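Enquirer:
In this note's numbering, the protein residues as written are 3 to 539.
(1) If you draw a straight line from the C-alpha of residue 407 to the C-alpha of residue 414, how long is it?
(2) What first and last residue would you give for the alpha helix (DSSP H) that runs through residue 2?
(3) Excluding the 5 residues preceding and the 5 following residue 329 in the sequence, name in chain order all residues of the same chain whose CB lies nearer than 7 Å to its CB.
(4) Below 8 Å, can you find three or more Cβ-Cβ pairs linking the stretch 206 to 214 to the stretch 228 to 245?
(5) So what does DSSP say about residue 144, is it helix, strand or coil?
(6) Closer than 6 Å by C-beta to residue 342: which residues in its own chain qualify, once you throw out the five before and the five after it? Chain order, please.
(7) Among 401, 437, 423, which has the Cα closest to the Cα of residue 141?
(8) What do you get for residue 1, buried or exposed, if any count of 16 or more other CB atoms within 10 angstroms of its CB means buried?
(9) To the nearest whole angstrom, what separates the beta carbons of residue 159 and residue 147, a pair I think is in contact under 8 Å?
(10) So within the stretch 200 to 224, which uninterrupted alpha helix (DSSP H) runs reach at least 4 residues, ignoring any that extend past its ends?
(11) So residue 458 and residue 399 are supposed to be a Cβ contact under 8 Å. How far apart are they, rounded?
(12) Tell me residue 397's beta-bridge partners as DSSP assigns them.
(13) Give the single residue among 239, 203, 196 whose Cα lies nearest to the Cα of residue 171.
(14) By the DSSP assignment, the alpha helix (DSSP H) with residue 380 in it spans what residues?
(15) Exposed or buried, which one is residue 22 when buried takes at least 16 other CB atoms within 10 Å?
(16) Apart from the five residues on each side of it in sequence, which residues of its chain come closer than 8 Å, Cβ to Cβ, to residue 299?
(17) According to the neighbour-count rule (16 or more other Cβ atoms, all chains shown, within 10 Å of its Cβ), is residue 32 buried or exposed?
(18) Does the beta-carbon distance from residue 82 to residue 92 come in below 9 Å?
(19) Tell me the residue span of the alpha helix (DSSP H) that contains residue 342.
(20) Can you tell me whether DSSP reads residue 361 as helix, strand or coil?
(21) Using 8 Å for Cβ pairs, my map puts residue 240 next to residue 191. What's the rounded Cβ distance?
(22) At what residues does the alpha helix (DSSP H) containing residue 460 begin and finish?
(23) Exposed or buried, residue 222, counting other C-beta atoms within 10 Å across all chains shown (16 or more means buried)?
(24) Evaluate residue 153 with the Cβ neighbour count: other Cβ atoms within 10 Å of its Cβ, from every protein chain shown; 16 or more gives buried, anything less gives exposed.
(25) Find the nearest neighbour of residue 86 within the set 437, 72, 101, judged by alpha-carbon distance.
(26) Can you grab the Cα-Cα spacing for the pair residue 18 / residue 143, in whole Å?
(27) Please list, in chain order, all residues of the same chain as residue 220 whose beta carbon is under 6 Å from its beta carbon, the five residues on each side excluded.
(28) Quick check: what's the CA-CA separation for residue 290 versus residue 255?
(29) With a Cβ-Cβ cutoff of 9 Å, do residue 145 and residue 173 count as a contact?
(30) From which residue to which residue does the alpha helix (DSSP H) around residue 179 run?
(31) Return the first residue and the last residue of the alpha helix (DSSP H) that residue 350 is part of.
(32) Can you check the stretch 18 to 93 for any alpha helix (DSSP H) of at least 4 residues that lies completely inside it and give the ranges in chain order?
(33) Have a look at residue 236 and residue 305 and give me their C-alpha separation to the nearest angstrom.
(34) Thinking C-alpha only, which one of 363, 252, 258 is nearest residue 182?
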């Protein structure tokens with residue numbers, strides 16, 4: 003066994019080296035091939051009488067009439083039109099460009115387009131040796147655009163249960179984001195910046211907070227320190243908003259700080275019920291910094307517009323960002339499906355549809371649901387409450403379970419608000435698997451992603467480590483099998499208080515091993531933990 007396990011890293015490293023060598027040598031192979039062609043032309047110049055051939059070709063071209071060029075232009079235009087029509091038909095049917103699909107799937111790997119940089123430095127084994135990890139390009143982890151506040155939201159779960167809602171891997175990624183975002187390589191590192199660099203790397207929250215206060219003592223205008231205090235020390239959204247406003251007033255012209263602080267201020271306004279103000283702040287931020295599209299601020303805007311039920315504005319945002327050249331997300335795909343389902347869901351009936359068939363609008367809604375399910379098939383189980391929600395991680399893997407948790411945590415209420423939308427989703431989402439049995443491996447609209455997806459999700463989702471099983475599935479506890487479901491606080495954390503009085507909610511931890519008739523999960527008995535947390539705004 004030891005020999006077998008020990009040979010796997012070596013074989014994996016040899017494969018990666020071989021791929022990198024082939025990618026590196028491709029350019030030189032092209033130069034060698036071009037040189038060989040020139041040498042062959044020089045050698046065969048006399049035997050093949052290439053000089054006479056060129057002379058006769060020039061005579062032929064000189065004798066061509068304008069009619070030939072007109073016919074040539076018309077033929078090329080006809081071929082271009084046929085290609086355009088085929089591209090339009092293929093895009094309408096499959097939602098992607100045929101030429102782009104062929105180039106990305108087949109040509110880019112041959113040209114060395116796959117990155118080989120790895121994240122070995124982030125992981126180490128028990129004995130200190132580095133463990134091989136999948137490359138970044140194969141298993142890219144994204145920042146959750148709607149991530150919660152640690153002090154005001156995540157810590158409440160820790161106070162009640164004594165468990166951490168975030169994994170160390172997730173927090174390590176956030177620390178790297180903060181170090182890169184708030185202290186760039188080009189600026190001169192000041193003493194307070196060095197302290198903040200160390201603060202982001204601290205594993206203990208109290209150590210991070212102490213380092214932030216130390217940076218403020220060095221420089222009272224250290225905006226990054228106030229950002230850390232707003233994220234980690236503030237126990238309410240109101241207090242976090244006050245600290246972010248303080249940081250904004252002293253941020254100066256640091257673009258990274260300005261974007262981060264303004265975005266978090268907009269999220270504070272959204273959580274406190276000032277939704278129109280939040281929408282305005284997000285729109286202004288997107289206009290002021292249009293090149294920062296990778297931050298996915300439009301996903302925050304979509305969620306706020308859905309809360310306002312401004313569906314026309316939501317459609318306008320989708321028209322801009324649901325583009326073939328832009329990376330997709332569960333928010334984009336499922337929001338598009340929600341809008342189309344909302345138009346027909348109030349009158350939709352499976353019995354009537356089976357008798358008369360689907361109308362054009364219903365067919366469009368079903369196709370949008372199939373498209374969304376193909377992108378991320380984990381989401382419907384959370385929207386239909388077949389699996390219980392946990393607190394979303396700070397980073398997500400697109401098309402993975404972590405993205406499904408993050409999307410459903412914030413958007414479940416919008417699906418419930420649209421009458422009949424969840425019923426339409428319940429009736430149609432499984433049809434995707436009849437059309438495409440394995441949508442994550444081979445689909446019509448989206449490219450497959452590698453097998454490291456499950457591993458990355460296990461690194462991001464904490465309760466996979468706490469229970470040694472997926473929420474909603476069986477695990478062994480006290481010698482018996484139980485179905486584990488974590489019902490995380492959602493409305494109690496995010497509901498705004500319109501007065502200045504404190505709102506207190508008792509803490510209930512309910513554990514039952516009797517079958518729950520209300521759950522839609524097939525697992526029984528149910529081992530559920532319901533947590534309603536003490537909060538005040």
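By construction, the Cβ of each residue, glycine as well, lies at the ideal position given by its N, Cα and C atoms.
Every value quoted in this text rests on a predicted model; they were computed, and no experiment measured them.
Expert: On the basis of the data shown:
(1) Cα to Cα, residue 407 sits roughly 10 Å from residue 414.
(2) Outside the shown range of the chain (3 to 539) lies residue 2, about which nothing can therefore be said.
(3) none
(4) yes
(5) strand
(6) 366, 367, 370
(7) Among 401, 437, 423, the Cα nearest to that of residue 141 is on 401.
(8) Absent from the model: residue 1. The displayed extent of the chain is 3 to 539, so no value can be given.
(9) So it is not a contact: roughly 21 Å between Cβ atoms.
(10) 207 to 220
(11) 5 Å
(12) 145
(13) 203
(14) Residue 380 -> no alpha helix (DSSP H), and no H or E assigned at all.
(15) exposed
(16) Setting aside the 5 residues that flank it on each side, residue 299 is surrounded in the same chain by 147, 265, 284, 287, 288, each with a C-beta closer than 8 Å to its C-beta; the list follows chain order.
(17) exposed
(18) no
(19) 332 to 346 is the span of the alpha helix (DSSP H), which, as asked, contains residue 342.
(20) coil
(21) Contact between residue 240 and residue 191 fails: their C-beta atoms lie close to 33 Å from each other, not under 8 Å.
(22) 455 to 462
(23) exposed
(24) Buried is the call here.
(25) When only C-alpha atoms are compared, the closest one is 101.
(26) 21 Å
(27) Excluding positions up to five away in sequence, the list reads 193, 194.
(28) Per the coordinates, the alpha-carbon of residue 290 lies some 13 Å from the alpha-carbon of residue 255.
(29) Annotated as distal: residue 145 and residue 173, with beta-carbon spacing of 9 Å or more.
(30) 170 to 184 is the extent of the alpha helix (DSSP H) around residue 179.
(31) No alpha helix (DSSP H) contains residue 350, which DSSP labels as neither H nor E.
(32) 52 to 64
(33) 24 Å
(34) The alpha carbon of residue 182 has as its nearest neighbour, out of 363, 252, 258, the alpha carbon of 258.
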